[in-house]
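Note that full-length UniProt numbering has the sequence shown beginning at 1, numbered continuously upward. One structure is given below, encoded as structure tokens.
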Amino acid sequence: MITFGQQAAMASGGPPVPRATHLTTKVELTISCEKLMDMDVFSKSDPLCALYINTSGSQWYEFGRTEMILNSLNPKFAKKFVIDYYFEIVQRLKFCVYDIDNNTYDLSDDDFLGELECTLGQIVSNRQMTRPLLLKDKRPAGHGTITVSPVSSKYLWWSDPFLEFYKQTETGWQLAHRTEVVKNNLNPIWRPFRIPLRSLCGGNVDCYDHHVSGSHDLIGSFKATLAEMQVGTHISPAEFECINPKKQNKKDYKNSGVICIKRCQVHKEYTFLDYIMGGCQIHFTIAIDFTGSNGDPISPQSLHYISPEGYNEYLAAIWAVGNVIQDYNSSKMFPVFGFGAQVPPTWQVSHEFPINFNPANPFCEGIEGVVHAYRQCLPQLKLWGPTNFSPVINHVACFARQAIQQNMASHYFVLLIITDGVITDMDQTRTAIVAASRLPMSIIIVGVGGADFSAMEFLDSDDRLLHSPTGDLASRDIVQFVPFRNFQRISHNPLSLYITGTAAHPSSVK
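So this is what it looks like as structure tokens:
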């Protein structure tokens, strides 16, 4: 996958500005400095100029930055600032010059070389303004000066720009990605996005002005290779001129704006097969709901009732998922726990008991062993309640945590919970899941019967990450819920449930 960071057309960012329903003037500012203070010992300063804007109050907004120029005390910056000029508004500007000493975006850890505070009106009326640079306490910053040269452009309407990325195919150009529309903005910043790498090879990018009618106006286009896009950083973005074919032959035409790509990174996303072939061991644990809401197991209406054919939904779910998972565990030994039942000999309700009644060795040999233990266990239990998930989740999470602490080879833990009803320890379960999201662990919940499973769907946070009751955010989505009635209709490999919860998050495999 390829991830794009913030991108800006024409200029990089800016503060909220008055909404214009009328024509507005564009002013292009060119920056240069002379006799800057030399802050480096073995070389000259590496200056960069950041522009801040204040339209009201005391809040300053960063509008953009020039490129950094290496080893220069008299820089002439190539990057221009294009600003909307309003005659009737006082637009305060602050030009801050820094000596860049590292690769971080934060300027607070770089040497401050001085600043100039003025209004856009002063710059426009002077045509070219040269002023001494001042320190924060308003003392002169050595002999350094800054020169701001404005160039007025034509009157322009506001645009609603968006980008379209195309890839070359045998039949022509195919749309690979379309950004969101940024309304009423000639200096837009689009949200970061991710697209497959194969969709970008030999890329062509079009910038359009959006119209509700669907008849969008082309602002300009450019072509760029992946390597060209990857050179950009927050400090020095990769810049591409948008060229409009209908205008490029006109006199004095330069471009229709500049697209700045601040970050373009390639992320390798490993598949489930990559991990299995690399020796990753899958540790599979099963938890079975033995609460009273399942019904008396001797009644045909019970979800635990085993038909003359040896079938019930619990057994079917165990077979369907377990038969696939067991191929990825060399030992074929699976711990199986029950919850929500009164357990002999004390008949206390337990939410984490081994169904073979052997706490020292809760493992069953293969899925056949799981089925056998289930059949032997069922008549010995009193189905009770409530339906608590957190104990068994915390149990498996304990082993996943140990795998990290012991720096074991690749191990991943999958917990299959088979349940019939509404969860009763929701807060504790949310806390347990959020904690487990930082571990090499996934949870598959299969709901049997026709109960209300809305709580399970809440835990399966596909659209947003789960929060604990105290506000802690899960680091990833580790829960996959499927009602068994849907599970029965899945025609493809049921391991897709597991892959959804696991392989999509390769960073969690330890």
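From the three backbone atoms N, C-alpha and C, an ideal C-beta is built for every residue, glycine too. In this text the structure is predicted, and so the values were computed from the model without any measurement.
Residue i, buried or exposed, once every other Cβ within 10 Å from all chains shown has been counted against 16
{"i": "Ser454", "result": "exposed"}
{"i": "Ala341", "result": "buried"}
{"i": "Tyr208", "result": "buried"}
{"i": "Asn103", "result": "exposed"}
{"i": "Arg485", "result": "exposed"}
{"i": "Cys398", "result": "exposed"}
{"i": "Trp347", "result": "exposed"}
{"i": "Lys262", "result": "buried"}
{"i": "Ala360", "result": "exposed"}
{"i": "Thr171", "result": "exposed"}
{"i": "Pro300", "result": "exposed"}
{"i": "Asn312", "result": "buried"}
{"i": "Asp289", "result": "buried"}
{"i": "Phe240", "result": "buried"}
Identity of the residues DSSP links to residue i by a beta bridge
{"i": "Ala224", "result": "Gly203"}
{"i": "Met333", "result": "Glu365"}
{"i": "Asn54", "result": "Arg92"}
{"i": "Ile146", "result": "Cys33, Arg131"}
{"i": "Trp173", "result": "Gln168"}
{"i": "His210", "result": "In DSSP, His210 forms no bridge with anything."}
{"i": "Trp384", "result": "Thr291"}
{"i": "Ala341", "result": "Ser350, Leu383"}
{"i": "Pro47", "result": "Asp99"}
{"i": "Asp140", "result": "Rather than Asp, the amino acid found at residue 140 in this sequence is Pro. Answer is Leu134."}
{"i": "Phe77", "result": "Answer by DSSP bridge pairing: none, since Phe77 is not bridged."}
{"i": "His411", "result": "Gln281"}
{"i": "Ala38", "result": "Before going on, a small fix: residue 38 reads as Asp here, not Ala. In DSSP, Asp38 forms no bridge with anything."}
{"i": "Leu473", "result": "His467"}
Anticipated Cβ contact below 8 Å, residue i with residue j, distance rounded
{"i": "Leu466", "j": "Val422", "result": "About 18 Å; that fails the 8 Å criterion."}
{"i": "Phe284", "j": "Gly322", "result": "7 Å"}
{"i": "Ser302", "j": "Asn294", "result": "6 Å"}
{"i": "Val82", "j": "Asn187", "result": "7 Å"}
{"i": "Tyr328", "j": "Ile367", "result": "Actually they are not in contact, since the Cβ atoms of Tyr328 and Ile367 sit about 13 Å apart, beyond 8 Å."}
{"i": "Cys96", "j": "Tyr52", "result": "7 Å"}
{"i": "residue 512", "j": "Ser410", "result": "Because the chain is modelled from 1 through 510, residue 512 falls outside the range shown and cannot be assessed."}
{"i": "Val448", "j": "Ile418", "result": "6 Å"}
{"i": "Ile404", "j": "Ala436", "result": "Rounded, the Cβ-Cβ distance is 12 Å, inconsistent with contact."}
{"i": "Tyr85", "j": "Val124", "result": "6 Å"}
7 Å CB neighbourhood of residue i in its chain, flanking five on each side removed
{"i": "Asn204", "result": "Tyr166, Trp173, Ser221, Lys223"}
{"i": "Val370", "result": "Ile286, Ile318, Gly322, Phe334, Val336, Cys364"}
{"i": "Asp111", "result": "Met39, Tyr98, Asp99, Asp101"}
{"i": "Pro469", "result": "Asp427, Arg430, Thr431"}
{"i": "Gln380", "result": "Pro344"}
{"i": "Lys76", "result": "Ser32"}
{"i": "Gly214", "result": "none"}
{"i": "Asp109", "result": "Asn102"}
{"i": "Glu352", "result": "Phe337, Phe339, Pro391, Val392, His395"}
Spatial neighbours of residue i in its chain, beta-carbon cut-off 6 Å, leaving aside the 5 residues before and after
{"i": "Arg92", "result": "Asn54, Thr119"}
{"i": "Thr145", "result": "Glu34, Thr130, Pro132"}
{"i": "Val349", "result": "Gln342, Trp384"}
{"i": "Ala78", "result": "none"}
{"i": "Leu156", "result": "With a pLDDT of only 41 at Leu156, under 50, the local geometry of the prediction cannot be trusted, and no value is derived from it."}
{"i": "Lys183", "result": "Asp160"}
{"i": "Tyr105", "result": "His234"}
{"i": "His177", "result": "Phe165, Ile195"}
Close beta carbons around residue i, own chain, < 8 Å, minus the five adjacent residues each side
{"i": "Thr429", "result": "Asn388, Phe389, Ser390, Ile393, Ile423, Leu459"}
{"i": "Lys247", "result": "Tyr253, Ser256"}
{"i": "Met68", "result": "Asp46, Pro47, Leu48, Ile100, Ile235, Ser236"}
{"i": "Arg375", "result": "Ile306"}
{"i": "Asn304", "result": "The displayed chain sequence assigns His, not Asn, to residue 304. So the list reads Phe290, Asn294, Gly295, Pro297, Asn312, Tyr314, Leu378, Leu383, once near-sequence residues are dropped."}
Query - Contiguous alpha helix (DSSP H) assignments of at least 4 residues, all confined to the stretch 431-459 - result: Runs found: 454-459.
Query - alpha helix (DSSP H) runs contained entirely in the stretch 222-302, provided each spans 4 or more residues - result: List check, alpha helix (DSSP H) in window: 226-230, 272-277.
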